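Let me begin by presenting the structure, written as structure tokens, before commenting on it.
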Amino acid sequence: MIVESSERTLVRFRDVSKVYTGGSKRAPRVVNAVDTVTLDITKGEIFAVIGYSGAGKSTLVRLINGLEPISSGSLEVAGSRVDGKSETQLAPIRRKIGMIFQQFNLFNSRTVAGNIEYPLKRAGWKPEERNQRVTELLAFVGLTDRAKNYPEQLSGGQKQRVGIARALASNPELLLADESTSALDPETTQEVLGLLRRVNRELGITIVLITHEMDVVRSIADRVAVMDSGRVVEVGTTSDVFAYPQAETTRKFVSSVMRTVPREDEIAKVRQEHPGRLILVDVTDQNRIGSVLSECARDGVTFEIAFGGISMLQSRSFGTLTLSLNGPDTAVENTIVRLREITKVEEVAR
Ligand SMILES: Nc1ncnc2c1ncn2[C@@H]1O[C@H](COP(=O)(O)OP(=O)(O)OP(=O)(O)O)[C@@H](O)[C@H]1O
Ligand SMILES: [Mg+2]
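The numbers in the sequence shown follow the working numbering, run straight up by one, and end at 355.
Below, the structure written as structure tokens:
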């Protein structure tokens with residue numbers, strides 16, 4: 006795969022692999038946790054990485070801040086090579102990167118303010134500057150009144166907001182979020198995603214977000230990479246990946262959030278209720294499909310929506326509709342031909 010980098014590239018993976026070796030001498034175990042990944046993450050975007058457990062998502066992200074060294078390939082962050090660097094050489098790169106975690110990873114013995122202040126102390130900020138920055142950050146994440154609380158006095162969503170404030174403390178360019186909402190209920194998840202959106206839009210921080218929930222991708226990501234067995238099997242804008250999933254893994258993820266294609270048992274039921282010719286129509290441009298159907302109505306073709314639905318994603322509609330067409334045979338046939346000119350149409354076998 007050839008990927009052209011531009012000045013807008015913040016993270017540049019080229020044929021990056023990460024191999025873990027373990028087990029015993031007799032039964033050695035080799036895991037290709039990340040397998041020849043070539044990928045560009047662009048400045049200013051929210052980039053999601055999705056995949057099943059063990060797909061290599063966390064490993065991929067841990068490579069970015071050098072928490073794990075890569076085994077082969079090359080990796081650049083903000084114009085600096087990450088591979089082959091010592092811990093000391095990595096320090097300035099790491100300062101450009103904040104990270105948040107599923108389990109928040111807060112210090113229970115420190116207050117909210119103390120947690121947020123911690124990285125600034127380590128980076129050698131003066132006390133007054135630290136205080137001022139902590140005050141700003143508390144206001145940004147909406148926890149001003151919680152400054153003196155301890156983590157155990159907070160809800161999950163509030164803890165994650167502290168985690169975000171701490172990650173933002175030293176003005177990173179990039180925020181890595183590993184399953185940052187997986188421990189939260191749906192409502193709190195939306196609240197944290199809303200905050201991450203503000204981090205991106207208002208502060209201009211690029212976000213790489215790992216999740217196994219397609220809903221999270223849909224509500225926040227500009228682009229998404231799908232991982233399977235260490236490989237990136239698909240990457241594209243969120244709306245494209247939802248509308249035209251290519252890889253099998255992606256199809257499974259997409260259908261897990263929006264099942265608009267009927268299963269076999271459902272088709273049998275649909276058949277009973279709708280005697281017309283059944284077709285599955287991919288909805289990518291609702292207006293054009295609508296106008297074909299209304300033109301065909303003049304030839305006596307009527308339709309019913311027998312199954313399915315359409316979702317809106319970043320102001321584009323997509324999904325699959327199961328239509329039952331009724332009318333004179335040739336006119337129905339003509340309708341199908343005309344729909345095929347503008348979208349994918351599958352006929353459900355009789
Ligand atoms: N430190 C390690 N040593 C050996 N193997 C590892 C190590 N870390 C990860 N692996 C293996 O690498 C593969 C990818 O793991 P990784 O944690 O990146 O997956 P993941 O997609 O983040 O999964 P999850 O959704 O469960 O968090 C797995 O097979 C895992 O067992
Ligand atoms: Mg993981």
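Idealized CB from N, CA, C, for every residue including glycine. Please read these numbers as outputs of a predicted model, since none were measured by experiment.
Closest to Leu285 by C-alpha separation, out of Thr243, Glu192, Val297, Thr348, would be which residue?
The residue labelled residue 285 in the question sits at position 280 within the sequence shown. The shortest Cα separation from Leu285 among Thr243, Glu192, Val297, Thr348 belongs to Thr348.
Which of the three DSSP states, helix, strand or coil, is assigned to Tyr25?
On the sequence shown, residue 25 is found 20 positions in, with the first residue counted as 1. Three-state DSSP puts Tyr25 in a strand.
So Gly56 packs on Asp233, CB below 8 Å; how close in whole Å?
Locating residue 56 in the sequence shown gives position 51, counting from the first residue. Locating residue 233 in the sequence shown gives position 228, counting from the first residue. Right, the Cβ-Cβ distance comes to about 6 Å (below 8 Å), so this counts as a contact.
Would you say Ala230 touches ligand 3, meaning its beta carbon is less than 6 Å from a heavy atom?
Looking for ligand 3 in the displayed structure turns up nothing; the ligands present are ligand 1 and ligand 2.
Any idea which residues DSSP pairs Leu198 with across the strands?
In the sequence shown, counting from the first residue as 1, residue 198 sits at position 193. Paired residue(s): none; Leu198 is not in a bridge.
Identify, in the order they occur along the chain, each residue of the same chain with its Cβ nearer than 8 Å to the Cβ of Val337, setting aside the five sequence neighbours on each side.
Residue 337 sits at position 332 when you count from the first residue of the sequence shown. These residues qualify, in order along the chain: Gly281, Arg282, Val306, Leu330, Asn331.
Among Ala170, Ser29, Ser187, which residue has its Cα nearest to the Cα of Arg203?
Mapped onto the sequence shown, residue 203 falls at position 198. The option with the nearest alpha carbon to Arg203 is Ala170.
What residue does the beta strand (DSSP E) around Thr340 start on, and which one ends it?
The residue given as residue 340 occupies position 335 in the sequence shown. Per DSSP, Thr340 belongs to no beta strand (DSSP E); it is in the alpha helix (DSSP H), 334 to 347.
Ligand 1: which residues have Cβ under 6 Å from any of its heavy atoms, chain order?
Qualifying residues, in the order they occur: Tyr25, Gly27, Val36, Ala38, Gly56, Ser58, Gly59, Ala60, Gly61, Lys62, Ser63, Thr64, His217.
On the three-state DSSP scale, how would you describe Phe52?
Against the sequence shown, residue 52 aligns to sequence position 47. Note: Phe52 maps to strand in three-state DSSP.
Using alpha carbons as the reference points, say which of Pro74, Leu95, Glu73, Ser76 lies closest to Ala83.
By one-based count along the sequence shown, residue 83 stands at place 78. The shortest Cα separation from Ala83 among Pro74, Leu95, Glu73, Ser76 belongs to Leu95.
Near Gly28, which residues of its chain fall below 7 Å by C-beta distance, leaving aside the five closest residues on each side in sequence?
Counted from its first residue, the sequence shown places residue 28 at position 23. Once the five neighbours on either side are set aside, the close Cβ partners of Gly28 are Arg34.
Rounded to whole angstroms, how far is the Cβ of Ala188 from the Cβ of Gly161, which I believe are closer than 8 Å?
By 1-based counting over the sequence shown, the position of residue 188 is 183. By 1-based counting over the sequence shown, the position of residue 161 is 156. With 8 Å as the limit, Ala188 and Gly161 qualify as a contact, their Cβ atoms being about 6 Å apart.
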